[in-house]
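For the protein sequence lines, the chains are A and B, in the order given.
My numbering puts the first sequence at residues 1 to 162.
My numbering puts the second sequence at residues 1001 to 1162.
C-beta atoms are modelled at their ideal positions from N, C-alpha and C, and glycine is treated no differently.
2 protein chains.
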Amino acid sequence: MVGSGPEAMPPFALHPTLARDTREVVRLPLCRVLLMRDRRFPWLILVPEREPAREIHDLAPADRAALIEEIARAGEVLTRLFRPDKLNVGALGNIVPQLHVHVVARSANDPAWPGPVWGSGAAVPYPEGELEELRERLTAEFQQVVENKGRKGQQGRKGQKR
Amino acid sequence: MVGSGPEAMPPFALHPTLARDTREVVRLPLCRVLLMRDRRFPWLILVPEREPAREIHDLAPADRAALIEEIARAGEVLTRLFRPDKLNVGALGNIVPQLHVHVVARSANDPAWPGPVWGSGAAVPYPEGELEELRERLTAEFQQVVENKGRKGQQGRKGQKR
């Protein structure tokens, strides 16, 4: 039985392809945030820790609300660190069925611009030191961005549009 | 000044490329829902009627919550009409900067599978009668799906997970 309560949900397990292709950055209330092992693009993947979600409409409404906020936080983190020309956000899943959302910082100089990153050539792995350094910068930035939002939330609901 | 209230926002105008490539289906509380003139894929585009939103984190939190719900409704409509193998959802904007979200019904038999639809060959226009007929089916299905949600909302908050 699916949907009769959290106790009925199977335990969450990250899809092996996502586990292989990424490094974990941080855990937000809903999603694990992963960094793609592809230095061509600053590329995060958000995976809601919910089984067996496959489509956005499979999530409960409260989880959908959390998902879009966590997508926004990931976009803010990438914007602060990389000043992208554009963010690309996508939930495809044609190959990996577990619901996951890509948030990618795009630059007009990157090798896939203006096309999508998905299906665009082969990943270029980070040297191990570079991957760890970027992971630490991302983790620190998520802490700042999430804390900022918490403070703004406490100060009231006015003036939240940016 | 941006963000000091709705009265300060410039009026919404659909980007001319989106206007040219689509046919309007329905207006939801936040978004205009457009049908892409490309019969290779059942392909909707949701455009929040907010200027000058470019990224998801530019939207106010209440608009983000509305956006993810309207994405879910569009996904449900496409699922009911087309029984897709997978939905693809994407906000790219590398070419058209106005914030817009693609919701596409994908089939393992479609010409781009398993790659993305974006940047995949040239659009195949619908014959005019077919476009209008599909538009009417989509409009009717949106009415049903939105009404269903309204009824569920009134009945209470339990059992919303599907």
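In the DSSP assignment, B:L1034 falls within the beta strand (DSSP E) that extends over C1031 to M1036. If the five residues before and after A:R73 are omitted, its C-beta is found closer than 8 Å to the C-beta atoms of L28, F142, V145, V146 and K149, all from its own chain and listed in chain order. At the C-beta level, B:I1071 and B:V1089 come within 8 Å of one another. Judged by DSSP secondary structure, B:A1105 falls within the beta strand (DSSP E) whose first and last residues are V1101 to R1106. With its beta carbon less than 8 Å from one in chain B, A:H57 belongs to the interface. It is roughly 25 Å from the alpha-carbon of A:R80 to the alpha-carbon of B:A1066. With a cutoff of 8 Å on beta-carbon distance, A:L87 and B:E1055 are scored as near each other. Taking 8 Å as the cut-off, the beta carbon of B:R1040 is found closer than this to the beta carbon of B:D1110. Restricting attention to B:L1034, B:D1038 and B:L1018, the CA atom closest to the CA of B:P1127 is found in B:D1038.
DSSP lists A:V33 as the beta-bridge partner residues of A:V26.
Cβ proximity to chain A below 7 Å picks out K1086, L1087, N1088, V1089, G1090, A1091, L1092, G1093, N1094, I1095, R1106, W1113, P1114 and G1115 from the region 1084-1115 of chain B. Between the alpha carbons of A:E136 and B:E1024 lies a gap of roughly 45 Å. Here DSSP, grouped into helix, strand and coil, assigns A:N88 to strand. Not a single C-beta of chain A is nearer than 8 Å to the C-beta of B:G1121.
The beta carbon of A:A72 sits closer than 8 Å to some beta carbon of chain B.
When C-beta distances to chain B are compared with 9 Å, every residue of the region 21-42 of chain A stays at or above that value.
The residue among B:V1103, B:A1060 and B:Q1098 with its C-alpha nearest the C-alpha of B:V1077 is B:V1103.
Annotation: the continuous beta strand (DSSP E) that includes B:I1045 extends over W1043 to P1048.
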